[in-house]
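A.B. asks: Taking UniProt numbering, the leading residue of the sequence shown gets 1, the next gets one more, and so forth.
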Amino acid sequence: MFEIWETSEPARLISDAGSLKIALEKVDTMCRLRHDQAAAHVGDPAEGYHFEIRDADGKALARLSYVPDTSRDYQSVVVDEMRGDGHSIS
Numbered sequence: 001m002f003e004i005w006e007t008s009e010p011a012r013l014i015s016d017a018g019s020l021k022i023a024l025e026k027v028d029t030m031c032r033l034r035h036d037q038a039a040a041h042v043g044d045p046a047e048g049y050h051f052e053i054r055d056a057d058g059k060a061l062a063r064l065s066y067v068p069d070t071s072r073d074y075q076s077v078v079v080d081e082m083r084g085d086g087h088s089i090s
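#1: Which of the three DSSP states, helix, strand or coil, is assigned to SER19?
#2: Once you ignore the five residues that flank MET30 on each side, which residues in its own chain have a CB closer than 8 Å to its CB?
#3: Relative to the C-alpha of VAL79, which candidate in ASP69, THR70, SER71, LEU64 has its C-alpha closest?
#4: If you measure between the beta carbons of PRO45 and ALA56, is that distance less than 8 Å?
#5: Mapping the DSSP letters down to three states, classify GLU6 as helix, strand or coil.
#6: Please identify the residue among PHE2, ARG34, GLY58, MET1 whose C-alpha is closest to the C-alpha of TYR66.
#7: Would you kindly report the start and end of the unbroken beta strand (DSSP E) that includes TYR66?
#8: Taking 8 Å as the threshold (C-beta atoms), are ALA40 and ILE53 in contact?
#9: Classify ALA23 as buried or exposed, calling it buried when 16 or more other Cβ atoms lie within 10 Å of its own Cβ.
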């Protein structure tokens, strides 16, 4: 079991996931959402967004800081090597 946290202030639990692959997909989905919000001028993306994937004991396994670049289309923050299967999420 993994937990996905947005650690920007205030920190909040976003979701949980049964596998690391699903946890990575959920972080990618959150980054896509933040990109879309920034493109729509919702919120303040200047500080960026911070995410953690934690294990069942609450230990951070991965951290990601994301600042949306609305001058281009969203590009996944998760590379194929992280997914472990060589396939994209698209």
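Don't be surprised by glycine CBs; every beta carbon is placed ideally from N, CA and C.
C.D. replies: The short version:
#1: Three-state result, SER19: coil.
#2: Contacts found: ILE4, GLU6, ILE14, TYR49, PHE51.
#3: That would be LEU64, whose Cα lies nearest to the Cα of VAL79.
#4: In this structure, PRO45 keeps its C-beta atom at 8 Å or more from the C-beta atom of ALA56.
#5: Here DSSP, grouped into helix, strand and coil, assigns GLU6 to strand.
#6: Checked all of PHE2, ARG34, GLY58, MET1; the closest Cα to TYR66 is ARG34.
#7: Taken as a continuous stretch (DSSP letters only), the beta strand (DSSP E) holding TYR66 covers 60–66.
#8: Cβ atoms of ILE53 and ALA40: not closer than 8 Å.
#9: Looking at its Cβ environment, which holds 16 or more other Cβ atoms inside 10 Å, ALA23 is buried.
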